[in-house]
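This report concerns only the one structure given below.
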Amino acid sequence: MPLSLDEVRRIAQLARIGVSDAEARTVLVQLNDIFELIGRMQKVDTEGVEPMSHGQDLKLRLRDDAVTERDQREGFQSLAPQVEQGLYLVPKVIE
Amino acid sequence: MNWEIVIGLETHAQLSTQSKMFSGASTAFGAAPNTQASAVDIALPGVLPVANKDAVERAIRFGLAVGGENAINRRSVFARKNYFYPDLPKGYQISQYELPIVKGGEIRILTKSGEKAVRLTRAHLEEDAGKSLHEAFRDSSGIDLNRAGVPLLEIVSEPDMRSAEEAVAYAKTLHSLVRWIGICDGNMQEGSFRCDANVSVRRPGGPLGTRAEIKNLNSFRFLEHAIEFEAKRQIDILDDGGKIVQETRLYDADRDETRAMRTKEEAHDYRYFPDPDLSPLEVSEKWMGEIKAKLPELPEAKRKRYQIEYALSLYDASLLTDTREKAEYFELVCRSLEGPAPKTVANWITGELSALLNDRGIDFSQLLISGKAFAKLLDRIKDGTISANVAKEILHGMANGEGDADAIIAKRGLKQISDAGAIEKIVDQVIAANPKQVEDYRAGKEKAFNSLVGQVMKATQGKANPAQVNEILKRKLAG
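One line per chain: the protein sequences are A and B, in this order.
Numbers 1 to 95, taken from the numbering used here, label the letters of the first sequence in order.
Numbers 1 to 479, taken from the numbering used here, label the letters of the second sequence in order.
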C-alpha cells in the first residue's frame, strides 16, 4: 500500500520535521521502497510466534530506589537559551 | 425514555518512591524549580534510563491486591508514547502499551444499593511529565522539570460504573487501597492521585454511546460534580436530537461545568513503539512470591473477617477499614478488651474517636491514646464506673495526654454514683423541689420525666448512673 504525499507531510508534521515539496516527493519514493520491503515481510506466516519487543535477549536491569543525583541546575541551565527564576522559558503555550 | 450513564475511570497514582522511575533524582514535593531534574529527566543527549526496582515492586503489589498472581504479566514492555510539548523534553513519555505490568483484577465498591465489583482493564507503569507555568510570564511559559520522570501507575477501569455515586465510591476505594498497601501517599492536593473520567450515556442495555473524557479531577467532589454536569449535558443534547462529539473536556470547579479543551489541529497519533533503551521487564515467580508474602491483610479480607469474627454489619466493617491505621487500631482495642462487645468498640471508633481526630486534624499515628488505654476506658463504662457521656469527656482528656482513664476519673472525681441510697436521696430532693413537673408527669406528660432526670443528673454533675436514676425515679413517681 503505497503512501500518499499527504501522508508524508503528516508524518513530517508529527515528527516536527520541515520538508519542502521537493523533499517530500523524494522522501515519498524512499519511504515507499521501505514499505515495499515491509510488505514482503508481512507476507511471512508468523502465526504462533511471540512478537519481539527488543533486539537483544536481555532482562531489564533494575536499580535500587535511592537518590543518587545532586542538583546540577546551574550547569544545565547555562546551556538553555532563556531561563528565569529557575525555570526554562519557552514560547508561550496554552492548551 | 430514560438514559443510563456509563463511566470508566483512569487514575494516575504517583508511586511513593524516593527517586524517579528512570533516574536517581529525588521525587520530594515542593523543591525549587529544576533542582531535582537530572540529565536523564531533562533528556540531555546520550543518557539512558534505568528502571527503579521499588516502583516496579509497588506496581506488582497493586496487581496482587486487585487480582492475585493472575493479574501480573510475567513479562511487560516499556513503550514510547510520542508527542511534542515543552514539559516533555524527550519528545516521548516512557509508558507501557501492549504489555502492561498489571492486567485485569477488580475493585469491590459499596454504595447505597449494595456491593458491586468494578473490573479493571489494566494498570501500567509510566513516568510523569514536567510542569508548565503559563501565567507567570507575558510571552513565555516557564518549565519546571522536577516532576518529569516521577513514577506513576495508571489504573484503568472498565466502563462498569453507572452513576456519579458509584464513580466516587470506586475512586475512594481505590484511594484507600493504594495507601493501604503503601504504594502511594494519596495526597490529592499535591496531585499524587488524580482521575480522568470517561462519561457517556446510552439507552439501558443498548450499545455504548460516544464518550467524552474529562480531565483534571483532583478531588472526589469535583469528580462527582463533573460527571453529573457532563451526563446532563449529553442527555440534553441527545434529547434535542443532537449528537455527542468524542472529545476531551476540562472541569472548571469555579463554574461547576465541563468545557471542551481547544482541539488540536490534528488528532493525537502517539505512534507507540517498544522503547529500545529498555529491555522487557520480567517478574520471576520468586520475586512475586516475596512481594506477596509482605502484603498486609487487605481491606476486603478484613471486612469479611469482621463480619464473622466480630459479628459486625458490612457497613460498620467498611467504616472501620477505610484506612489501615483505623482497622489496626480497632483490632488492637478489641484484643485488650475485657467487657464490651466489638460492636461498642466499632461505634466508639467510627463515632466519637473519629470526630475527635477530625476536629484536631490528626490521624491514628498521632493519637496519644494507645489501643490498650482506649479499651480500658470502654471497660470502665461496661463495669459501671462511668457513664458513656462522662467517658466522652475523659476521652478528650486522654487525647490531651492527661493520663489514662482511671487517672482522669480519680483526678476529676468522675466516678459514677451507683449507690442506690445516694441516688434515692437526690431523687427525693428533686421531686420535692419540682412539684409542677411531678404533677405534669402524673398527668401523662412524658417530657416532664426527662426534665426530672435532667435535674438529678445536674445535681450529681452527670455522675449518677442513668439507668439507676430512671428506675428509681419511675418507682418513686409511681409510688
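Heads up, the beta-carbon is just placed ideally off N, CA and C, and yes, glycines get one too.
In three-state terms, what does DSSP make of VAL83 of chain A?
For the purposes of this step, residue 83 of chain A is taken as residue 83 along the first sequence, with counting starting at 1. Annotated three-state conformation of VAL83 of chain A is strand, per DSSP.
Using the rule of at least 16 other Cβ atoms within 10 Å of the residue's Cβ for burial, across every protein chain shown, is PRO274 of chain B buried or exposed?
As a working note, residue 274 of chain B is residue 274 in the second sequence. By the neighbour-count rule (16 or more Cβ atoms within 10 Å), PRO274 of chain B is buried.
Between which residues of its own chain and GLU106 of chain B is the CB-CB distance below 8 angstroms, once the five residues before and five after are set aside?
Along the second sequence, one-based indexing puts residue 106 of chain B at 106. Contacts found: VAL66, GLY67, ALA117, VAL118, ARG119 and LEU120.
How close, in whole Å, do the beta carbons of LEU217 of chain B and ASP196 of chain B come, if the pair is a contact with beta carbons under 8 angstroms?
Within the second sequence, the letter at position 217 stands for residue 217 of chain B. Within the second sequence, the letter at position 196 stands for residue 196 of chain B. At roughly 7 angstroms, the Cβ-Cβ gap stays under 8 angstroms, so LEU217 of chain B and ASP196 of chain B are in contact.
List the residues of chain A that ILE5 of chain B touches, going by C-beta distances under 8 angstroms, in chain order.
Translated into the one-based positions of the second sequence, residue 5 of chain B becomes position 5. Within chain A, no residue comes near ILE5 of chain B; the closest Cβ sits about 27 angstroms away, beyond 8 angstroms.
I'd like the list of long-range same chain contacts for ASN470 of chain B, defined as Cβ closer than 8 angstroms, with 5 residues on each side in sequence excluded.
Indexing the second sequence from 1 puts residue 470 of chain B at position 470. Same-chain partners within the cutoff: VAL453.
Measure the alpha-carbon distance for ARG177 of chain B versus ARG324 of chain B and round it to whole angstroms.
Residue 177 of chain B sits at position 177 when you count from the first residue of the second sequence. Residue 324 of chain B sits at position 324 when you count from the first residue of the second sequence. Note that residue 177 of chain B is Leu in the sequence shown here, rather than Arg. Each residue's alpha carbon lies about 9 angstroms from the other.
Between ILE233 of chain B and ILE5 of chain B, what straight-line distance do the alpha-carbon atoms span, to the nearest angstrom?
Here residue 233 of chain B refers to the residue found at position 233 of the second sequence. Here residue 5 of chain B refers to the residue found at position 5 of the second sequence. In the sequence as displayed, the identity of residue 233 of chain B is Arg instead of Ile. Approximately 12 angstroms between the Cα atoms of the pair.
Can you name, in chain order, every residue of its own chain whose Cβ lies under 7 angstroms from the Cβ of LYS264 of chain B, other than the five neighbours on each side?
As a first step, residue 264 of chain B is located in the second sequence; it is residue number 264 there, counting from the start. Because LYS264 of chain B carries a pLDDT of 49, less than 50, the predicted location of this residue cannot be relied on, and the following value inherits that uncertainty. No residues qualify anywhere along the chain.
Quick check on MET398 of chain B: does DSSP put it in helix, strand or coil?
In the second sequence, the residue the question calls residue 398 of chain B occupies position 398. Of the three classes helix, strand and coil, the one that applies to MET398 of chain B here is helix, per DSSP.
What residue from B:GLU228, B:ASP239, B:ASP269 and B:GLU127 has the CA that sits closest to GLU166 of chain B's CA?
For the purposes of this step, residue 166 of chain B is taken as residue 166 along the second sequence, with counting starting at 1. If we check each option's Cα against that of GLU166 of chain B, B:GLU228 comes out closest.
Any beta-carbon of chain A closer than 8 angstroms to the one on GLU127 of chain B?
As a working mapping, residue 127 of chain B is identified with position 127 in the second sequence. No, because no Cβ of chain A sits closer than 8 angstroms to the Cβ of GLU127 of chain B.
Under three-state DSSP, which class holds SER200 of chain B?
For the purposes of this step, residue 200 of chain B is taken as the residue at position 200 of the second sequence. Strand at SER200 of chain B.
DSSP three-state call for THR248 of chain B: helix, strand or coil?
Stepping through the second sequence from its first residue, residue 248 of chain B is reached at position 248. Of the three classes helix, strand and coil, the one that applies to THR248 of chain B here is strand, per DSSP.
Hey, out of B:THR248, B:PRO207, B:ILE244 and B:GLU393, whose CA is closest to LYS215 of chain B's CA?
As a position in the second sequence, residue 215 of chain B is number 215, starting the count at 1. Checking every option, the nearest Cα to that of LYS215 of chain B belongs to B:THR248.
Would a C-beta distance cut-off of 8 angstroms place ARG108 of chain B and ILE183 of chain B closer than the cut-off?
Stepping through the second sequence from its first residue, residue 108 of chain B is reached at position 108. Stepping through the second sequence from its first residue, residue 183 of chain B is reached at position 183. No, the Cβ-Cβ distance between ARG108 of chain B and ILE183 of chain B is not below 8 angstroms.
How about ASP254 of chain B: is its C-beta nearer than 8 angstroms to some C-beta of chain A?
Sequence index remark: in the second sequence, residue 254 of chain B carries index 254 (1-based). Judged by the 8 angstroms Cβ criterion, ASP254 of chain B is not in contact with chain A.
CB VAL199 of chain B to CB ALA231 of chain B, shorter than 8 angstroms?
Taking the second sequence and counting its residues from 1, one reaches residue 199 of chain B at position 199. Taking the second sequence and counting its residues from 1, one reaches residue 231 of chain B at position 231. Result yes, Cβ atoms of VAL199 of chain B and ALA231 of chain B sit closer than 8 angstroms.
Since ALA212 of chain B is in the beta strand (DSSP E), which residue starts that stretch and which ends it?
Start at 1 with the first residue of the second sequence, and residue 212 of chain B comes out as number 212. Start and end: 212-217.
Name the chain B residues that come within less than 8 angstroms of GLN102 of chain A, Cβ to Cβ?
No answer is possible for residue 102 of chain A: the residues shown for chain A start at 1 and end at 95.
By the criterion of Cβ-Cβ separation under 8 angstroms, what are the contact partners of GLU282 of chain B in chain A?
The residue given as residue 282 of chain B occupies position 282 in the second sequence. Here the neighbours are LYS59 and LEU60.
Assuming PRO342 of chain B is part of the alpha helix (DSSP H), what are its boundary residues?
Mapped onto the second sequence, residue 342 of chain B falls at position 342. Its alpha helix (DSSP H) spans residues 342-348.
For a test of the three-state rule: what should DSSP assign to MET161 of chain B, helix, strand or coil?
One-based indexing of the second sequence puts residue 161 of chain B at position 161. Looking at MET161 of chain B - three-state DSSP - the assignment turns out to be strand.
Any beta carbon of chain B sitting closer than 8 angstroms to that of PRO91 of chain A?
Counted from its first residue, the first sequence places residue 91 of chain A at position 91. So, interface residue.
By how many angstroms is the C-alpha of VAL283 of chain B removed from the C-alpha of GLY63 of chain B?
What you label residue 63 of chain B is simply residue 63 of the second sequence in a count that begins at 1. What you label residue 283 of chain B is simply residue 283 of the second sequence in a count that begins at 1. Taking the straight line from one Cα to the other gives about 12 angstroms.
Please name the residue, chosen from B:PHE330, B:ALA388 and B:PHE193, that lies closest to LYS302 of chain B on a Cα-to-Cα basis.
For the purposes of this step, residue 302 of chain B is taken as the residue at position 302 of the second sequence. It is B:PHE330.
Quick one, which of A:ARG63, A:GLY86 and A:THR68 has its alpha-carbon nearest GLU74 of chain A's?
Translated into positions along the first sequence, residue 74 of chain A becomes position 74. For the residues A:ARG63, A:GLY86 and A:THR68, the minimum Cα distance to GLU74 of chain A belongs to A:GLY86.
Which same chain residues end up closer than 8 angstroms to LYS343 of chain B when comparing Cβ atoms and leaving out the 5 residues on each side of it in sequence?
By one-based count along the second sequence, residue 343 of chain B stands at place 343. Leaving aside the five residues that flank LYS343 of chain B on each side, the residues in its chain whose CB is nearer than 8 angstroms to its CB run, in chain order, TYR310, ALA311, LEU312 and ASP316.
Under 7 angstroms Cβ to Cβ from GLY371 of chain B, same chain only, skipping five residues before and after it: list those, please.
The residue labelled residue 371 of chain B in the question sits at position 371 within the second sequence. The answer, listed in chain order, is TYR329, LEU332, VAL333 and SER336.
Determine the direct distance from the alpha carbon of LYS53 of chain B to that of ASP64 of chain A, and round the result to whole angstroms.
For the purposes of this step, residue 64 of chain A is taken as residue 64 along the first sequence, with counting starting at 1. For the purposes of this step, residue 53 of chain B is taken as residue 53 along the second sequence, with counting starting at 1. So the alpha carbons of these two residues sit roughly 6 angstroms apart.
Figure out for me which residue from B:ARG122, B:ALA32 and B:ASN82 has the closest Cα to the Cα of ALA71 of chain B.
Locating residue 71 of chain B in the second sequence gives position 71, where the first residue counts as 1. Nearest C-alpha to ALA71 of chain B: B:ARG122.
Assuming PRO49 of chain B contacts ASN73 of chain B (C-beta within less than 8 angstroms), just tell me the rounded distance between them.
Here residue 49 of chain B corresponds to residue number 49 of the second sequence, with the count starting at 1. Here residue 73 of chain B corresponds to residue number 73 of the second sequence, with the count starting at 1. Rounded, the Cβ-Cβ distance is 20 angstroms, inconsistent with contact.
Residues of chain B with a CB under 8 angstroms from the CB of LEU37 of chain A: which are they?
Position 37 of the first sequence, counted from the start, is the residue given in the question as residue 37 of chain A. Here the premise fails: no neighbours, minimum Cβ distance about 18 angstroms.
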